[in-house]
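Residue numbers (full-length UniProt numbering): 1 to 120.
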């Protein structure tokens, strides 16, 4: 393969795109670019996360083989970030498969990981 593709966005199916944009704006600090009932987006000019309404959306269980993707985020203080994200509407599942990072779920159940900064 010779044609290089540049990732411009990730689109996440969900029940409530506006709620998802508001939540992810709080987590990432990305600007809310669009906030409509069928479609919303947050981005920073380089990275964009879109949210598309899927009637009857059902989040996969965690842990489960039906999970299709997850996002990873680096933060300077994992414990503080986990607390802030819970206050914004995320949940922290009981099952945590690793040490040093935390698996969380956004308000609609999408899994994401909160990871510490890399040591030099």
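We put the beta carbon where it would ideally sit given N, CA and C, even for glycine.
So, using beta-carbon positions, are residue i and residue j closer together than 8 Å?
i           : j           : result
residue 53  : residue 17  : yes
residue 79  : residue 107 : no
residue 102 : residue 49  : no
residue 71  : residue 30  : no
residue 41  : residue 51  : yes
Compute the Euclidean distance between the alpha carbons of residue i and residue j, then round it to the nearest angstrom.
i           : j          : result
residue 6   : residue 34 : 22 Å
residue 37  : residue 69 : 23 Å
residue 14  : residue 81 : 23 Å
residue 87  : residue 26 : 10 Å
residue 61  : residue 96 : 14 Å
residue 100 : residue 75 : 12 Å
residue 4   : residue 46 : 17 Å
residue 104 : residue 12 : 16 Å
Using 8 Å as the cut-off, can you tell me whether the region 13 to 22 makes contact with the region 112 to 119, which would need three or more C-beta pairs spanning the two stretches below that distance? no
Curious, which full-length alpha helix (DSSP H) runs of at least 4 residues does the UniProt domain "Glyoxalase-like" (10 to 115) contain? 17 to 28 and 78 to 88
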